[in-house]
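Protein chains in written order, with this note's numbering: chain A, 11 to 393; chain B, 10 to 321; chain C, 6 to 273. The beta-carbon is built from N, C-alpha and C at its ideal position, and this holds for glycine as well. Predicted, not measured: the structure shown is a model, and the values here were computed from it. Inspection log for the structure reproduced underneath, given as structure tokens.
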Amino acid sequence: MATDAPTDGGQSLAARVRARFEGPNTIGNSNGFWVGFLVAVAALVAFPLVGNAEQFSLFLVLSLLGLSLSVVWGYTGVLSFGQVVFFGLGGYTFAVVSINFATPGGITAAVLAGVVGGGLGAAVLGYFMFYGGVRDVYVTIITLVATMVLHTFMAQTAGSEWTIGEAALGGFNGMPDIPLLKLGVGAASFQFMYNAIPVWVPGFGTVELDPFYYLALVLLVGTYLGLRALVNSDYGRAMVAVREDEDRTRMFGYNVKRIKLVVFILGGALAGLSGVLYAARNVFIDPTVFTLLFATLPVIWVSVGGRKSLLGAIIATIAIEYIRVTLGGELALVMLGALLLGTILFLPNGIVPWVHRLARQNRPAPADAEGPETPDPTEASES
Amino acid sequence: MVNGINLALQFLDSFAFIVLAAAGLAIIFGIMGVINLAHGEFILVGAYATTLSATKLGLPLAAAMLVGTLVTAAFGVVVERFIISGAVPNWIGQETVGRNLVEPLYDRLADSMVATFGLSLIMVQGARVVFGNSIDTVGTPFGNIAYGAFSYSTYRIVLSGVSIALLVGVYYIFTKTEYGMTARATIQDEETARALGVDTERIYMATFAIGSGLAGLTGALFAPTLSMQPTLGDQFLVEAFVAVVVGGPSVVLGTALSGGVLGAIQAVFTNLYGTFFGRIALLAAAMVALRFLPDGITGFIEAVQSRRQEGQ
Amino acid sequence: MSESETESESRPLGPNVRQTAAEMATGDRTDTLLQTDGLVKRFGGFTATDDVDFGVAAGELRCLIGPNGAGKSTLLKLITGTYEASEGHIYYDGHDITDLEPHERVQRGISMKFQVPSVYGDLSVRENARLPIQRFADGAERNERVDRAIEAAGLTGYEHVDASALSHGQQQQLEIGMAASLEPDLLLLDEPVAGLDVAEREAIAERVTRLNEEEGIAFVVIEHDTDFVASIADEVTVLHNGEVFREGPIEEVKADPAVQRIYLGEEE
């Protein structure tokens, strides 16, 4: 419990640090969970040795987009169909800035510009909506319409007059000449795209590893942990209170409009970061990121994964995108549609929380007993 | 002078398009509190059924349109029973494990959006799998009108007239028929309606059927002018959606007014800057409208009228 | 939370408001904490609150009664800012708060318990109790206050139970506790004993009285139960058709034949 005094005298530093990441707002607060988490991260680190890291890095990048919606929708109750607006803004901003300043320093600045672009877009739209008193489903509708506006707008930027500096926006054809991702300044820079680092691994000999994959992985794990700490903090509790009952939370002295705006901006910046990495990875961006289908994908991932669960968002994004890419074509979309329909009807809280609940029910004694805020097993409570 | 005619025709075009696209959705949203994001695909069903009836069964166009409308209405009933109200899955659940499996989607605006989007994915790709990437079209009847150096499809002018007739028809249904009265009572207060013996389930089923039928009619009417692809519903969805929400609680007046206002804005901007910007202007106007008139145009009108009555 | 200013400091009250405040001054209750001036609220064609001048002194325990639809809940929501006034002003602690947002009014010392019990169902009792407190207290002080709030609500031992699993009476106690934990100067309660049995009602009556006498919190309580009202109220305000119909000690008001008539629906 962040900033609550420990109830017993003096916990160890490790226990206090760990307590920041645990709480009722996230799944998994036991030793078993963290062990499993470390195993999973280790597996992801080792993955490029046995699997297609290039393809997988896309799923890691998209997971950031899923997380952005999880924070905004799952934790603050704002269903935004517009996360892709900020994703696209991030990607396009990155493209424009990096094409114009194709030096490592310029590209690094372009990354920041993309994140800021996403956040700024969210600030404008969020202010317009929340400080205008727009509520609930009308927020969803306005974000959906905003996506359509951007799609229509970017699609008609085909003419040569739609050029910022050296960068032509390209209309339906998109922007193909994005420079390879190089971070740093001048000589102290490192190329992440289309770069293969030879590393000697015991048992595998010398393998060529893709640094972009590891960049995406580090950013994803870092973001996950950061968000975990956020939602388990005082501010996170306020976010959840806003989701549960806005009016009541207002009556406890919370500035609900500001909370929604701040979280929305955070979500926009995160989506922007995802967009930057997406554009960097594909070395390309076009208006398909603003289509209705793409706008709904994050909603699908988060609905299926469990909207109140950060981990669920990540797992669902990776799983669904993997299946979608593997199946391909119409079959994938039918599957997606069926999955979405089935989840909303039968498991409205998502799959990962349902699995988690089943797993806990089947344990002889709840393994979460030592967690800080989980229900006492002898009291009547939900599992 | 000619530009004035162009503008007028563009306006009629936009108006008809918006009204016809939105009517079915407005009824479902207004009465059941469900946002049907598969609305475009219901229009698809109507369009395809009409086209196939005309090309494969050789029916005359008017009869084919009737078939298209009825097929879509029937399809709507199926969707309502299986997905919106969950009646069929719950019946299965009761018979097998003794409990309900799903909650109805009424008044669950966000959930209904997401669930029906899932449905639309299935429908579009299903259509692609069954019918391929496109099917043969039906020609546009009635030819063209010429004025000055321009010509304009007569059929599209006819559609404007149809859209007005449609509004009148829906108004009649909701004010003069028993179904209409009961449906409006149910919107006002479902519990009371039920206590008075109204079978609210039937009302919802009938309403969804009517809304679907209207979507089918739209598909049928526009079928001669569109290329028959599984994605044809996309072009209707957003405009329909936006018009319904901007229109507000009154189904007929709301749809008419938002069709008029948004249609006018779209026509003007299309005339000056091209179709892309016409669309952008429409969408931007909708966002502004939702921000300042959260109850839609008719909601705002109701508030103003009452304030006038108070002698303000 | 801020303390009430004494009346000797000049306050931006309108002329007729000062008059009303003076009218209400009896004995030691000379500090007007809350005063509405010509408050009006319309919903479309319906006037829910009609030119209401309503005042509460610091530390007073006022009950708001009247037939259903009289506008009692509306008046409370106007005071908290949940509803925006169509016309009129609201003065609190010497300031015009008419244009303030609800959370700003709460930060100045107004607190409310809603009519429909709405604890955060999925959160535990402790998590519920912590939410209002975490905004202004940290560390050990926070834990203490949360413990006290839970104890005052009679829910020691239920700390980790989900709030939705509590009985109705327990939820009401929890909600009152949460509202009181903000240490307000004015606490608004909308039907705190609806649906409770006699013992639970007495417990709440006792709690409200204690908070009023020991902590000096002013109350405005909407309730229909006349016994409950009689056991706690200093004064009673009767609302009818959105207007203030009568005001005064409960015995007088109860005996007033006009009041009895409006309850029977015969007065217009």
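(message) Tell me which residues of the stretch 165-192 of chain C have at least one Cβ-Cβ distance to chain A shorter than 7 Å, keeping chain order.
(response) Along the stretch 165-192 of chain C, the positions whose C-beta sits under 7 Å from a C-beta of chain A are 165, 166, 167, 170, 187, read in chain order.
(request) Mind checking the stretch 302-316 of chain A against chain B and listing, in chain order, the residues whose C-beta falls within less than 9 Å of any C-beta there? (result) Within the stretch 302-316 of chain A, the residues whose Cβ lies closer than 9 Å to some Cβ of chain B are 302, 303, 306, 309, 310, 313, listed in chain order.
(request) Could you work out which residue in B/223, B/147, B/161, B/242 is closest to residue 68 of chain B when comparing CA atoms only? (result) The sequence position of residue 68 of chain B within the second sequence is 59, counting from 1. For the residues B/223, B/147, B/161, B/242, the minimum Cα distance to residue 68 of chain B belongs to B/147.
(request) Enumerate in chain order the residues of its own chain whose CB-to-CB distance from residue 63 of chain B is below 7 Å, with the five nearest sequence positions on each side excluded. (result) The residue you call residue 63 of chain B lines up with position 54 of the second sequence. Closer than 7 Å at the Cβ level, and outside the excluded window around residue 63 of chain B, lie 70, 73, 147.
(message) Taking 7 Å as the threshold (C-beta atoms), are residue 19 of chain B and residue 279 of chain B in contact?
(response) As a first step, residue 279 of chain B must be located in the second sequence, where it is residue number 270. As a first step, residue 19 of chain B must be located in the second sequence, where it is residue number 10. Here residue 279 of chain B is near residue 19 of chain B, since their CB atoms are less than 7 Å apart.
(request) Give the secondary structure of residue 259 of chain C by DSSP, where H, G and I count as helix, E and B as strand, and everything else as coil. (result) In the third sequence, counting from the first residue as 1, residue 259 of chain C sits at position 254. It is helical.
(request) Verify the CB distance criterion: does residue 137 of chain C have a CB-CB separation below 7 Å to chain A? (result) Position 132 of the third sequence, counted from the first residue, corresponds to residue 137 of chain C. Output row for residue 137 of chain C: interface = yes.
(request) Could you tell me which chain B residues have their CB closer than 7 Å to the CB of residue 340 of chain A, listed as they occur along the chain? (result) Your numbering for residue 340 of chain A matches position 330 in the first sequence. Listed along the chain, the chain B residues whose CB falls inside 7 Å of the CB of residue 340 of chain A are 134, 137, 138.
(message) Going by the DSSP bridge assignment, what does residue 160 of chain B pair with across the sheet?
(response) Residue mapping note: residue 160 of chain B aligns to position 151 of the second sequence, counting from 1. Residue 160 of chain B is bridged to B/155.
(request) Specify, as a first and last residue, the run of the beta strand (DSSP E) that residue 321 of chain A falls within. (result) Here the question's residue 321 of chain A lines up with position 311 in the first sequence. Where residue 321 of chain A is concerned, there is no enclosing beta strand (DSSP E), although the alpha helix (DSSP H) it sits in stretches over 320-337.
(message) Nearest by alpha-carbon distance to residue 211 of chain A: which of A/32, A/140, A/50, A/56 is it?
(response) Position 201 of the first sequence holds residue 211 of chain A. Checked all of A/32, A/140, A/50, A/56; the closest Cα to residue 211 of chain A is A/56.
(message) Quick check on residue 234 of chain A: buried or exposed, where buried means 16 or more other Cβ atoms within 10 Å of its Cβ?
(response) The residue given as residue 234 of chain A occupies position 224 in the first sequence. That one is buried.
(request) Let me know the secondary structure DSSP gives residue 226 of chain A once reduced to three states. (result) If you number the first sequence from 1, residue 226 of chain A lands on position 216. Residue 226 of chain A carries a helical assignment under DSSP once its states are collapsed to helix, strand and coil.
(message) Between residue 78 of chain A and residue 93 of chain A, how many whole angstroms is the CB-CB distance? I'm expecting something under 8 Å.
(response) For the purposes of this step, residue 78 of chain A is taken as residue 68 along the first sequence, with counting starting at 1. For the purposes of this step, residue 93 of chain A is taken as residue 83 along the first sequence, with counting starting at 1. A Cβ-Cβ separation of about 5 Å places residue 78 of chain A in contact with residue 93 of chain A under the 8 Å criterion.
(request) Quick one: list the residues of chain A neighbouring residue 243 of chain B, beta-carbon separation under 8 Å, in chain order. (result) The sequence position of residue 243 of chain B within the second sequence is 234, counting from 1. Those are 302, listed as they occur along chain A.
(message) Can you give me the C-alpha to C-alpha distance between residue 70 of chain A and residue 227 of chain A, rounded to a whole angstrom?
(response) By one-based count along the first sequence, residue 70 of chain A stands at place 60. By one-based count along the first sequence, residue 227 of chain A stands at place 217. The straight-line gap from Cα to Cα measures roughly 6 Å.
(message) Please classify residue 219 of chain B as buried or exposed, where buried requires at least 16 neighbouring CB atoms within 10 angstroms.
(response) Counted from its first residue, the second sequence places residue 219 of chain B at position 210. Burial check for residue 219 of chain B: the Cβ neighbour count within 10 Å reaches 16 or more, so the residue is buried.
(request) Could you have a look at residue 117 of chain C and say whether DSSP puts it in helix, strand or coil? (result) Position 112 of the third sequence, counted from the first residue, corresponds to residue 117 of chain C. In the displayed model, residue 117 of chain C falls within a strand according to three-state DSSP.
(request) Would you decide whether residue 45 of chain A is buried or exposed? Buried here means 16 or more other CB atoms lie within 10 Å of its CB. (result) By 1-based counting over the first sequence, the position of residue 45 of chain A is 35. By the 10 Å Cβ count, residue 45 of chain A comes out exposed.
(request) Anything in chain B within Cβ reach of residue 356 of chain A, meaning under 9 Å, just list it in chain order. (result) Walking along the first sequence from the start, residue 356 of chain A turns up at place 346. The answer, in chain order, is 98, 110, 111.
(request) Mind listing the chain B neighbours of residue 131 of chain A? Cutoff is C-beta to C-beta under 8 Å, in chain order. (result) In the first sequence, counting from the first residue as 1, residue 131 of chain A sits at position 121. Within chain B, no residue comes near residue 131 of chain A; the closest Cβ sits about 14 Å away, beyond 8 Å.
(request) Ignore the nearest five residues each way along the sequence and tell me which others in residue 52 of chain C's own chain have a CB closer than 6 Å to its CB. (result) Taking the third sequence and counting its residues from 1, one reaches residue 52 of chain C at position 47. In the same chain as residue 52 of chain C, and ignoring 5 residues on each side of it, the C-beta atoms closer than 6 Å to its own belong to 247, in chain order.
(message) 7 Å is my cut-off, CB to CB: does residue 120 of chain C come that close to chain A?
(response) Along the third sequence, one-based indexing puts residue 120 of chain C at 115. Closer than 7 Å: no.
(message) Given a cut-off of 7 Å on the beta-carbon distance, is the pair residue 232 of chain B and residue 78 of chain B in contact?
(response) Within the second sequence, numbered from 1, the residue matching residue 232 of chain B stands at position 223. Within the second sequence, numbered from 1, the residue matching residue 78 of chain B stands at position 69. No.
(request) Would you kindly work out how many angstroms separate the C-alpha atoms of residue 356 of chain A and residue 104 of chain B, rounded to a whole number? (result) Residue 356 of chain A sits at position 346 when you count from the first residue of the first sequence. Residue 104 of chain B sits at position 95 when you count from the first residue of the second sequence. Each residue's Cα considered, the two are about 17 Å apart.
(message) Taking 7 Å as the threshold (beta carbon to beta carbon), is residue 362 of chain A in contact with chain B?
(response) Within the first sequence, the letter at position 352 stands for residue 362 of chain A. Chain B, which has no Cβ nearer than 7 Å to the Cβ of residue 362 of chain A, makes this no.
(message) Between residue 258 of chain A and chain C, is any beta-carbon pair separated by less than 7 Å?
(response) As a working mapping, residue 258 of chain A is identified with position 248 in the first sequence. Yes, its Cβ sits closer than 7 Å to a Cβ of chain C.
(request) Would you mind sorting residue 40 of chain C into buried or exposed? The rule is 16 or more other CB atoms within 10 Å of its CB. (result) The residue given as residue 40 of chain C occupies position 35 in the third sequence. Burial state of residue 40 of chain C is buried, judged by a 10 Å Cβ sphere holding 16 or more other Cβ atoms.
(request) Could you name the residues of chain B that residue 148 of chain A contacts, counting a contact when the two beta carbons are closer than 9 Å? (result) If you number the first sequence from 1, residue 148 of chain A lands on position 138. Ordered by position in chain B, the residues that pass the 9 Å Cβ test against residue 148 of chain A are 254, 299, 300, 303.
(request) Mind checking the stretch 34-57 of chain A against chain C and listing, in chain order, the residues whose C-beta falls within less than 7 Å of any C-beta there? (result) Cβ contacts with chain C come from 34.
(request) Please report how far the alpha carbon of residue 13 of chain C lies from the alpha carbon of residue 250 of chain B, in whole angstroms. (result) Here residue 13 of chain C refers to the residue found at position 8 of the third sequence. Here residue 250 of chain B refers to the residue found at position 241 of the second sequence. Note that residue 13 of chain C has pLDDT 37, beneath the 50 cutoff, so the model's placement of it is unreliable and the number below is only indicative. Roughly 59 Å between the two C-alpha positions.
(request) Check each residue of the stretch 155-166 of chain A: if its Cβ is closer than 8 Å to any Cβ of chain B, include it; give the result in chain order. (result) Hits within the stretch, in order: 155, 156, 158, 159, 162, 163, 165, 166.
(request) Could you tell me whether the stretch 284-304 of chain A touches the stretch 89-103 of chain A, where touching means 3 or more Cβ pairs closer than 8 Å? (result) Yes, the stretch 284-304 of chain A is in contact with the stretch 89-103 of chain A.
(message) What are the residues in the stretch 228-262 of chain A lying within 8 Å of chain C by C-beta distance?
(response) Listed in chain order, the positions of the stretch 228-262 of chain A with a beta carbon within less than 8 Å of a beta carbon of chain C are 244, 247, 248, 250, 251, 254, 255, 257, 258, 259, 260, 261, 262.
(request) Can you check DSSP and say which residues form a bridge with residue 69 of chain C? (result) Taking the first residue of the third sequence as 1, we reach residue 69 of chain C at position 64. Bridge partners of residue 69 of chain C: C/227, C/242.
(message) With a threshold of 7 Å on Cβ separation, who are the neighbours of residue 93 of chain C within its own chain once the five nearest residues in sequence on each side are excluded?
(response) Looking up residue 93 of chain C in the third sequence gives position 88. The beta carbon of residue 93 of chain C lies closer than 7 Å to those of 41, 42, 43, 44, 45 in the same chain, with the five residues before and after it left out.
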